[in-house]
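With our numbering, letter number 269 in the sequence shown gets 1496, and the count goes up by one each step, no holes. Using N, Cα and C, we set each Cβ at its ideal position, and we do this for glycine too.
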Amino acid sequence: TQSQSSQDKLSQPPLSKYDAGDDGGRALSSFQHAENCEFARGSQSIDMTVPGAFALLCRCQVERGNLLPPIQNRNTSEADNASSATASSSIVRPKKITPVHCTYSSIQTLRNDVTARAHRDLTTKLRDSQFVGCVTRSRSLIQWGIELLMINHTELGRELFYQLALSRFGGAQMAELGGGGVNVKCAVEQAMQLEQDIASGLLDSNGIEKEDGASCRQTTKPLVISETNNDLARQCELQLSDKAEMLEEYYSIRFRTKVDPATGKEALMLVGLPVLLEGHSPPPHALPLFLLRLATEVDWTTERSCFHDICTELGNFYAEIPFDLDPSNEKDTVGSSDTGDSGGNSTSSTMSSAGLETDAKRTTSALVDEAAKHFVKHTLYPATSFLLVPPKDFANNGAVVKLAVLSSLYKVFERC
C-alpha cells in the first residue's frame, strides 16, 4: 500500500553521499531529500560545505538518519573537491608552518605546553568548519556539520600568533618599516598622553578635542606631553635599547639608534618587525601599545618567562583588528535609506520599514566595519582554522560557544 511504501522509505538510510578515507572513515559531503519531501521539488541535493546549509535540511533527514554526522575533511573524490573549492574559493588556506629548530630547553618546554593543553574536539571543529560571517569586531559565526558556533576570533587570533611566534623563534623573516622607521619614544609618549587626555575629558574616545563638554574638532598635531609621560617613555626607550640585540636575534624585531627624519634628532627607531604569517602585517594603530607593553610587561629576569611574555605581546599585537579609515563606507551603508518620498505619498508603514532598515544597517556598521570583516574572513579565520592548536580553556571560557544544533532547530520550527 501507499502508507506502507512511505514507511519503507523513511526506514531506509538517508540518501547521502559518502567518501571513504584512508582509515576507513566516511566523510559526508552532501545529502538528498526523500522523494515525498517538499524540499525535493527543486534540487535533490544540498551542498553541506556551504555555510548555513544545515538550515535548509528538512525533517526527513532527521527521521531517516537520526543525527547527521559532522563533515570531516578527508581524502575526497574529485567531484567533492571541486564542490568544496567552489564553496570556499574566496578563502585561501595558509601554508603549513614548520617550527624552527631550537635547542633551548625553555622554548622546547613552551612548545610542548601548546601540545599538552590542546583540545582535540575544538581542533577538529576548527579544521572542518566553514566561515559564516562576522557578528562584531571580536566575534564571528562558523558552521561545523550540524552545529552553528560563535567564536571569539580576537582571542583565537592572539593564541594563534603566540604559537606562530613560538614556532618561528630564531628564524622569522623580517619586514622593514618604511619612512626610516618609528620613533619609539614619540610613539609611546603620544599613546600615554592620549589615554590621559581622554580620561581627563580633554578629548573624546575618538581623539577629538572638547570645548564646554562638546566635541569640536579632531586634532592632527602632536599632543603636548606631560613631564611624567615623557619620563616613562624615556625609560621604555632605554629598556628596549638595552634588549635590542636579543629581540633582533630571536624575534626579528630590529631597533636602530639614528636621526629621526621628523625631528632631526637622534632617537631609538623601530625599523623591522617579524613576518609571523605570510600576507599579514599588524595594524599601525596597535604599535604604540605594543612597544609600551614590550618594555613594561615582559619579565626579563628568567629565560622561559621572558620568551613566553614576548610571544604573548607579539600575539596581542598581530591579532589586533584593523579599522576602516574610509568614512565613505559608512555613508554608503545607510545612504539610500535616509531619503523619503519627495511627493509626500509614502505611507507610514513604508516609512517605518525604511527606518527599521536604516537602524539595522547603522547597528551593523557600528558593530563591525568592512575592513574588519575582510581581515577576519580572508586572513584571520583561514589561519586560525588551519594553523591554531586551541587550548582546553577555549572550551569553557566563551572563546567557542555552540549556538544551535540541527535537531534543536526543528523543535523551534515546529512551534512556528
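Ordered along the chain, which non-local residues of its own chain (more than five positions away) have a Cβ less than 7 Å from that of R1461? By one-based count along the sequence shown, residue 1461 stands at place 234. Around R1461: K1412.
Limits of the alpha helix (DSSP H) - the one that N1457 falls within: The residue you call residue 1457 lines up with position 230 of the sequence shown. Element bounds for N1457: 1454 to 1469.
Would you list the residues sitting across from E1403 in a DSSP beta bridge? As a working mapping, residue 1403 is identified with position 176 in the sequence shown. G1499, per the DSSP bridge assignment.
Within a Cβ cutoff of 8 Å, which residues of the same chain sit near L1294, ignoring the five residues on either side of it in sequence? The residue labelled residue 1294 in the question sits at position 67 within the sequence shown. With a pLDDT of 41 at L1294, under the threshold of 50, the modelled position of that residue is not reliable, and the figure given next carries that caveat. Closer than 8 Å at Cβ, skipping near neighbours: I1373, L1633, S1634.
For I1548, tell me which candidate among L1541, P1509, A1522, E1524 has the shortest Cα-Cα distance. As a first step, residue 1548 must be located in the sequence shown, where it is residue number 321. Answer by Cα proximity: P1509.
Beta-carbon separation (whole angstroms), S1479 vs A1399, contact threshold 8 Å: The sequence position of residue 1479 within the sequence shown is 252, counting from 1. The sequence position of residue 1399 within the sequence shown is 172, counting from 1. Their Cβ separation, rounded to whole angstroms, is 4 Å, which keeps S1479 and A1399 in contact under 8 Å.
Closer than 8 Å is the cut-off here; do at least three beta carbon pairs connect the segment 1377 to 1384 with the segment 1316 to 1328? no
How would you call M1473, buried or exposed, if buried means at least 16 neighbouring beta carbons within 10 angstroms? As a first step, residue 1473 is located in the sequence shown; it is residue number 246 there, counting from the start. With fewer than 16 other Cβ atoms within 10 Å, it is exposed.
Run of the beta strand (DSSP E) containing A1631, from where it starts to where it stops: The residue you call residue 1631 lines up with position 404 of the sequence shown. 1627 to 1632 is the extent of the beta strand (DSSP E) around A1631.
Counted within 10 angstroms of its Cβ, other Cβ atoms place K1448 as buried (16 or more) or exposed: On the sequence shown, position 221 is the one that residue 1448 refers to. The residue in question, K1448, is exposed, as its Cβ has fewer than 16 Cβ neighbours within 10 Å.
Counting C-beta neighbours from all protein chains within 10 Å, is the total for G1408 16 or more, i.e. buried, or is it exposed? Counting from 1 along the sequence shown, the entry for residue 1408 is found at position 181. It is buried - the Cβ of G1408 has at least 16 other Cβ atoms within 10 Å.
Proximity winner among G1406, E1505, W1527, F1482, relative to T1490 (alpha-carbon distances): What you label residue 1490 is simply residue 263 of the sequence shown in a count that begins at 1. Taking only the C-alpha atoms, the option nearest T1490 is G1406.
Quick check: what's the CA-CA separation for R1366 versus S1356? What you label residue 1366 is simply residue 139 of the sequence shown in a count that begins at 1. What you label residue 1356 is simply residue 129 of the sequence shown in a count that begins at 1. Looking at the two C-alpha atoms, the distance is approximately 15 Å.
Is the beta carbon of L1383 less than 8 Å from the beta carbon of L1614? Counting from one through the sequence shown, the residue named residue 1383 turns up at place 156. Counting from one through the sequence shown, the residue named residue 1614 turns up at place 387. The answer is no: Cβ separation not under 8 Å.
Could you pull the DSSP bridge partners for S1484 from this structure? As a first step, residue 1484 is located in the sequence shown; it is residue number 257 there, counting from the start. The sequence as given places Thr at residue 1484; Ser does not occur at that position. Partner(s): L1495.
Could you tell me whether the Cβ atoms of P1659 and H1346 are closer together than 8 Å? The requested residue 1659 is not part of the displayed model; the chain covers only 1228 to 1643.
Measuring alpha carbon to alpha carbon, tell me which of A1622, C1533, S1612 ends up nearest Y1331. The residue labelled residue 1331 in the question sits at position 104 within the sequence shown. Among A1622, C1533, S1612, the Cα nearest to that of Y1331 belongs to C1533.
Exposure label - V1486; buried when at least 16 CB within 10 Å: If you number the sequence shown from 1, residue 1486 lands on position 259. The residue is exposed, with fewer than 16 neighbouring Cβ atoms inside 10 Å.
For A1522 and Q1466, believed in contact at Cβ under 8 Å, the rounded distance: Against the sequence shown, residue 1466 aligns to sequence position 239. Against the sequence shown, residue 1522 aligns to sequence position 295. In this structure Q1466 is in contact with A1522, their Cβ atoms being roughly 4 Å apart against a cut-off of 8 Å.
Local Cβ density within 10 Å of A1343, reported as buried at 16 or more and exposed below that: In the sequence shown, the residue the question calls residue 1343 occupies position 116. Result: exposed.
Rank G1360, A1546, S1468 by C-alpha distance to the C-alpha of H1512 and give the top, closest one. In the sequence shown, the residue the question calls residue 1512 occupies position 285. Of the listed residues, the one whose Cα sits closest to H1512 is A1546.
To which residues of the same chain is E1530 closer than 7 Å at the C-beta, ignoring the five residues directly before and after it? Position 303 of the sequence shown, counting from 1, holds the residue named residue 1530. Residues of the same chain with a CB within less than 7 Å of the CB of E1530, apart from the 5 flanking positions on each side, are S1333 in chain order.
Endpoints, the beta strand (DSSP E) within which C1329 is located: Within the sequence shown, the letter at position 102 stands for residue 1329. Neither: C1329 is in no beta strand (DSSP E) and is coded neither H nor E.
Per DSSP, what kind of secondary structure is I1537 in: helix, strand or coil? Sequence index remark: in the sequence shown, residue 1537 carries index 310 (1-based). Looking at I1537 - three-state DSSP - the assignment turns out to be helix.
Quick check on L1376: does DSSP put it in helix, strand or coil? Here residue 1376 corresponds to residue number 149 of the sequence shown, with the count starting at 1. Under the three-state reduction of DSSP, L1376 is assigned to strand.
Grouping DSSP H, G and I as helix and E and B as strand, with all else coil, what is F1358? Locating residue 1358 in the sequence shown gives position 131, counting from the first residue. DSSP places F1358 in strand when its eight states are reduced to three.
Does the beta-carbon distance from A1598 to F1550 come in below 8 Å? By 1-based counting over the sequence shown, the position of residue 1598 is 371. By 1-based counting over the sequence shown, the position of residue 1550 is 323. Cβ distance < 8 Å, so A1598 and F1550 count as in contact.
So L1541 packs on L1503, CB below 8 Å; how close in whole Å? Numbered from 1 along the sequence shown, position 314 holds the residue referred to as residue 1541. Numbered from 1 along the sequence shown, position 276 holds the residue referred to as residue 1503. With a Cβ gap of about 7 Å, L1541 and L1503 count as contacting.
Rounded to the nearest angstrom, how far is the Cβ of L1518 from that of V1415, given a contact under 8 Å? Start at 1 with the first residue of the sequence shown, and residue 1518 comes out as number 291. Start at 1 with the first residue of the sequence shown, and residue 1415 comes out as number 188. Rounded, the Cβ-Cβ distance is 5 Å, consistent with contact.
Thinking C-beta only, is R1338 closer than 8 Å to L1393? Position 166 of the sequence shown, counted from the start, is the residue given in the question as residue 1393. Position 111 of the sequence shown, counted from the start, is the residue given in the question as residue 1338. A Cβ-Cβ contact shorter than 8 Å links L1393 with R1338.
Along the chain, where does the alpha helix (DSSP H) that runs through L1615 open and close? Working through the sequence shown from its first residue, we reach residue 1615 at position 388. Element bounds for L1615: n/a, residue is neither H nor E.
What do you get for G1506, buried or exposed, if any count of 16 or more other CB atoms within 10 angstroms of its CB means buried? One-based indexing of the sequence shown puts residue 1506 at position 279. Within 10 angstroms of the beta-carbon of G1506 lie fewer than 16 other beta-carbons, which makes it exposed.
Exposure label - G1499; buried when at least 16 CB within 10 Å: By 1-based counting over the sequence shown, the position of residue 1499 is 272. Buried: at least 16 other Cβ atoms inside 10 Å.
Within 10 angstroms of the Cβ of N1410, are there 16 or more other Cβ atoms? Answer buried if so, exposed if not. For the purposes of this step, residue 1410 is identified with residue 183 of the sequence shown, where counting begins at 1. Flag for N1410 reads buried.
In the DSSP assignment, the alpha helix (DSSP H) including S1189 goes from what residue to what residue? There is no way to answer for residue 1189, as the model of the chain reaches only from 1228 to 1643.
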